[in-house]
Amino acid sequence: MYFLVQSNIYLDPDHNKIFDALKDLGIAYEAITVKSTDTSLPITTDRKDVFVYGSVQMARLAKQYTNWYPGSFYGGNHLYEIYAKQYGSNLLNDAIRIAKLTDDLVWQNGEKKFIKPYQVAKAFTGKVFEKEEWEDFIIEGLAHPKRFMKEDMLIQIAKPKETIKEARLWIVGGQIIDAGYYKFNGDFPFEATVATEGIAFAKEMIGLFNVEEAFVMDICYTLEGWKIVEINCINSSGFYTNTNVKSILKALDIYFTHKIQKM
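Written out as structure tokens, the structure is:
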């Protein structure tokens, strides 16, 4: 399989791990630069067995290359309104409201809201906001030329919920290939590997609804047990310090090469 990888990713300090891993595995790849104004990808390959990895912009543009397989999984079952119907109360935020970025959200005195992008996941990082903080954030974000924030972009709003620890899982062919914590809250002790109960929960969720042939699931432990934080597109999900990039790439290459050979 051929990997098409975006080279100009600067916000993710672990992004460049992918190039070393591809070289070590002997997997063919091409590094390209993708600009926010691009309407197509600057490619030179004529191969069809292509997997793309980079920004949300790259994953979105790759959807137009319909003869690529696996190409990009952007959209589809990754949309909240689709997977929420399958996972229901297993989601951390199973009751959300959709609004536009500049809508009046109506705040009660002292109220806090958890707000994140609804479709353009990388526009900003979801977090808990208070009214003044949110309004200042919008003004700054719309004025920043490198942000993807637009006045009419959709956001999702939910009641803040406390998480104890959060982990990212990389899933290929229905199997968990890699799992690692990326956040611990409060005084909860550090764990080097994701708890057995968390892995078991994730496997149960995959059995309930396997979003795509390859995708990323973020899970968390709460006072109510394990929950799904969100589902992410594998073509634009960032690595963390403890991510085993080589294992993920190897699994992707083996799984999809095998499927391509059977076509």
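Heads up: the sequence shown begins at 1 in UniProt numbering, then just goes up one per residue. All residues carry an ideal CB built from backbone N, CA and C; glycine is no exception.
Query, Result
"Whose C-alpha, out of Leu169, Asp187 and Asn185, is nearest the C-alpha of phenylalanine 201?", "Leu169"
"For a test of the three-state rule: what should DSSP assign to valine 106, helix, strand or coil?", "coil"
"As an exercise, report each continuous beta strand (DSSP E) stretch of at least 3 residues that is fully enclosed by the region 129–172, in chain order.", "154–158 and 165–172"
"Any idea which residues DSSP pairs isoleucine 176 with across the strands?", "Ile171"
"Quick check on this structure: which residue in Ala192, Lys203 and Thr163 has the alpha carbon closest to the alpha carbon of leucine 223?", "Thr163"
"Between the region 238–251 and the region 172–180, do at least 3 Cβ pairs fall closer than 8 angstroms?", "yes"
"Check threonine 125 in the structure and name its three-state DSSP category.", "coil"
"Would you list, in sequence order, the uninterrupted beta strand (DSSP E) runs of no fewer than 3 residues that lie entirely inside the region 168–238?", "175–184, 214–222 and 225–232"
"Note down the Cα distance separating lysine 227 from threonine 44, rounded to an integer number of angstroms.", "42 angstroms"
"From this set, Lys100, Asp104, Leu101 and Ile82, which residue's C-alpha is nearest aspartate 94's C-alpha?", "Ile82"
"Can you tell which of Gln108, Lys113 and Pro117 has its C-alpha closest to the C-alpha of leucine 101?", "Pro117"
"If I follow the unbroken alpha helix (DSSP H) through tyrosine 255, where does it start and stop?", "245–262"
"Going along the chain, which residues of its own chain have a beta-carbon closer than 6 angstroms to the beta-carbon of alanine 114, five neighbours each way excluded?", "A small fix is needed here, since residue 114 is phenylalanine in this sequence, not alanine. Once the five neighbours on either side are set aside, the close Cβ partners of phenylalanine 114 are Val128, Ala158 and Pro160."
"According to DSSP, is arginine 60 helix, strand or coil?", "helix"
"Starting from leucine 22 and walking both ways along the alpha helix (DSSP H), at which residues does that stretch end?", "17–25"
"Tell me whether isoleucine 32 sits in a helix, a strand or coil according to DSSP, three-state version.", "strand"
"Taking C-alpha atoms, which residue in Gly207, Tyr182 and Phe148 lies nearest to isoleucine 219?", "Tyr182"
"So, helix, strand or coil for lysine 48, using DSSP?", "coil"
"When DSSP builds the beta bridges, which residues end up paired with alanine 3?", "Residue identity check: residue 3 is phenylalanine in the sequence provided, not alanine. The partner list for phenylalanine 3 (beta bridge, DSSP) reads Tyr29 and Phe51."
"Using 8 angstroms for Cβ pairs, my map puts alanine 59 next to asparagine 235. What's the rounded Cβ distance?", "4 angstroms"
"Opposite isoleucine 43 in the DSSP bridges: which residues?", "DSSP, once it has assigned bridges, lists no residue as partnering isoleucine 43."
"DSSP on alanine 99, reduced to helix/strand/coil?", "strand"
"Measure the CB-CB distance between glutamine 57 and serine 36 and report whether it falls below 8 angstroms.", "yes"
"In whole angstroms, what is the alpha-carbon distance linking glutamate 111 and glycine 126?", "17 angstroms"
"In the DSSP assignment, what residue or residues form a beta bridge with lysine 116?", "Gln156"
"Can you name, in chain order, every residue of its own chain whose Cβ lies under 7 angstroms from the Cβ of valine 120, other than the five neighbours on each side?", "Val56, Phe148 and Met153"
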